[in-house]
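Take the sequence shown: its letter number 299 is residue 313 in the working numbering, and every next letter is one higher.
Remarks on the structure that follows.
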Amino acid sequence: MTPATDHELSPVLRKQDAPLLRVENLSVAFHTRNGLVRAIEEVSFEVPAGKVLGIVGESGSGKSVTALSLLRLIPSEIAEISSGSVWFGGRDLTRLSERELRRIRGREIAMIFQEPMTSLNPIASVGAQLREPMQLHLGMKAAEASRRVEELLDLVGIPQPRKRMTQYPHELSGGMRQRVMIAMALSCEPKLLIADEPTTALDVTTQAQILDLLRSLQSRLGLSIILITHDLGVVAQFADNVQVMYAGRAIEQAAVAEIFRQPAHPYTEGLLKIVADLEAECGRLSSIEGTVPAPHELPPGCAFAPRCPRSDTACTASPPPLSPISPGRRCACVRPVGFPQFRASA
Ligand SMILES: Nc1ncnc2c1ncn2[C@@H]1O[C@H](COP(=O)(O)OP(=O)(O)OP(=O)(O)O)[C@@H](O)[C@H]1O
Ligand SMILES: [Mg+2]
Numbered sequence: 015m016t017p018a019t020d021h022e023l024s025p026v027l028r029k030q031d032a033p034l035l036r037v038e039n040l041s042v043a044f045h046t047r048n049g050l051v052r053a054i055e056e057v058s059f060e061v062p063a064g065k066v067l068g069i070v071g072e073s074g075s076g077k078s079v080t081a082l083s084l085l086r087l088i089p090s091e092i093a094e095i096s097s098g099s100v101w102f103g104g105r106d107l108t109r110l111s112e113r114e115l116r117r118i119r120g121r122e123i124a125m126i127f128q129e130p131m132t133s134l135n136p137i138a139s140v141g142a143q144l145r146e147p148m149q150l151h152l153g154m155k156a157a158e159a160s161r162r163v164e165e166l167l168d169l170v171g172i173p174q175p176r177k178r179m180t181q182y183p184h185e186l187s188g189g190m191r192q193r194v195m196i197a198m199a200l201s202c203e204p205k206l207l208i209a210d211e212p213t214t215a216l217d218v219t220t221q222a223q224i225l226d227l228l229r230s231l232q233s234r235l236g237l238s239i240i241l242i243t244h245d246l247g248v249v250a251q252f253a254d255n256v257q258v259m260y261a262g263r264a265i266e267q268a269a270v271a272e273i274f275r276q277p278a279h280p281y282t283e284g285l286l287k288i289v290a291d292l293e294a295e296c297g298r299l300s301s302i303e304g305t306v307p308a309p310h311e312l313p314p315g316c317a318f319a320p321r322c323p324r325s326d327t328a329c330t331a332s333p334p335p336l337s338p339i340s341p342g343r344r345c346a347c348v349r350p351v352g353f354p355q356f357r358a359s360a
């Protein structure tokens, strides 16, 4: 037996209660004309087996860069992983060869994106596209793969699957196309599904149907899911745990019920006020003044401080680290809202 290399040895992942995925201090920087610009900084989180992690944050906060970097889907000429590890199945994905990673992409970890039209091939039939990953990864023969395609289309709620298999993406509605994407993602029975804004291009009713579908598949198949969304309402319905991101950093992590009971970061508090106003159908909606700073314009302290109604001089020294504030909760704020004990010891 060949000795294990160090990227196969995650002592943490050998424990019984180990999470399916553990991301440690992941930083990613883009190559730009002005040199390397950090898009995400020291992001760490876990996804337990069979659980849903919601990742929320405004546009530009680093949600997609985080998701894409887990499978090294941003070409190295465009961006580099400057530090960190992505532990999955006892291996650090940041250190695998491209060949080793190809065996994991689509097979053990699958992704679905916001706009299925850009991910589906317009000149191949639905059946041909769905058969391909199973033939490639699982070595299935065409006839066996076709039978499985029919089952998968049925699983994701597409009526008349045999007829749909012969059709092309443009012949399907947006909701149907997203169901095809989900079927494709599930075709090789992945352990982890990463869904990056899977419903924002759809109307509200179809959005709800797709989320219901994902939820029922998650519990039937025991899948783990990372669900990326702008919408805390979606997180409330769908996720077990949540990570809030801001300007490339994870700034709050908690169980969903906890964060709704008591948001700790003033940014999360602001996001929740907007959701509460929407639900109450208020005439005047709350908003968070200003925008997320671009990666090359970050202030020296907490990146949210310039927009934060609670900020003072303590916030402008250096970015507060993501620190434990209660069991299972972490927050990157010098004075987390509703946690006076933490304030006293900070
Ligand atoms: N190709 C690129 N070159 C340079 N910077 C980039 C590139 N792609 C993304 N970025 C930067 O990385 C940061 C994070 O972007 P990301 O796409 O992860 O945001 P997001 O949270 O997914 O936003 P959205 O909600 O709009 O999808 C942004 O500041 C963005 O400008
Ligand atoms: Mg995105």
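Even glycine gets a Cβ: it sits at the ideal position worked out from N, Cα and C.
Would you report the Cα separation of Ser160 and Ser230, rounded to the nearest angstrom? For this step, residue 160 is matched to residue 146 along the sequence shown. For this step, residue 230 is matched to residue 216 along the sequence shown. Between Ser160 and Ser230, the C-alpha separation is close to 24 Å.
Between which two residues does the beta strand (DSSP E) harbouring Ala271 extend? Locating residue 271 in the sequence shown gives position 257, counting from the first residue. Segment 270-275 is the alpha helix (DSSP H) holding Ala271; no beta strand (DSSP E) there.
When the Cβ atoms of the segment 185-196 are set against those of the segment 204-216, are three or more pairs found closer than 8 Å? Taking 8 Å as the limit for Cβ pairs, the verdict is that the segment 204-216 does touch the segment 185-196.
For Asp217, count neighbouring Cβ atoms within 10 angstroms of its own Cβ and tell me buried if that reaches 16, exposed if not. Sequence index remark: in the sequence shown, residue 217 carries index 203 (1-based). With fewer than 16 other Cβ atoms within 10 Å, it is exposed.
Asp291 by DSSP, collapsed to three states: which one? Along the sequence shown, read from residue 1 onward, the residue named residue 291 stands at position 277. Helix, per DSSP.
What number of angstroms, rounded off, separates the C-alpha of Val140 from the C-alpha of Val170? Here residue 140 refers to the residue found at position 126 when the sequence shown is read from its first residue. Here residue 170 refers to the residue found at position 156 when the sequence shown is read from its first residue. Their backbone Cα atoms lie some 14 Å apart in a straight line.
In terms of residue numbering, what span does the alpha helix (DSSP H) encompassing Arg47 cover? Taking the sequence shown and counting its residues from 1, the one referred to as residue 47 is at position 33. Per DSSP, Arg47 belongs to no alpha helix (DSSP H) and is neither H nor E.
By DSSP, does Asp210 sit in helix, in strand, or in coil? For this step, residue 210 is matched to residue 196 along the sequence shown. Asp210 carries a strand assignment under DSSP once its states are collapsed to helix, strand and coil.
Looking at the unbroken alpha helix (DSSP H) that takes in Phe252, where does it start and where does it end? For this step, residue 252 is matched to residue 238 along the sequence shown. That run of the alpha helix (DSSP H) goes 246-252.
Beta-carbon proximity list for Arg52, same chain, < 7 Å, skipping 5 on both sides: Sequence index remark: in the sequence shown, residue 52 carries index 38 (1-based). Counting only Cβ-Cβ distances below 7 Å, and skipping sequence neighbours, we find Ser41, Ala43, Gly262, Pro309.
Ala346 and Pro335 closer than 9 Å at C-beta: Within the sequence shown, numbered from 1, the residue matching residue 346 stands at position 332. Within the sequence shown, numbered from 1, the residue matching residue 335 stands at position 321. Against a cut-off of 9 Å, the Cβ pair of Pro335 and Ala346 comes out as a contact.
Do you know offhand how far Glu55's Cα is from Asn39's? In the sequence shown, residue 55 corresponds to position 41, counting from 1. In the sequence shown, residue 39 corresponds to position 25, counting from 1. Note on geometry: alpha-carbon atoms of Glu55 and Asn39 lie some 7 Å from one another.
Could you tell me which of Ala63, Asn48, Pro350 sits nearest to Ile240, measuring between CA atoms? Reading the sequence shown from its first residue, position 226 is the one you call residue 240. Measuring from the Cα of Ile240, the nearest candidate turns out to be Ala63.
Taking all protein chains shown into account, do 16 or more other C-beta atoms lie within 10 angstroms of the C-beta of Lys363, making it buried, or fewer, making it exposed? The displayed coordinates of the chain run from 15 to 360. Any statement about residue 363 would go beyond what the structure contains.
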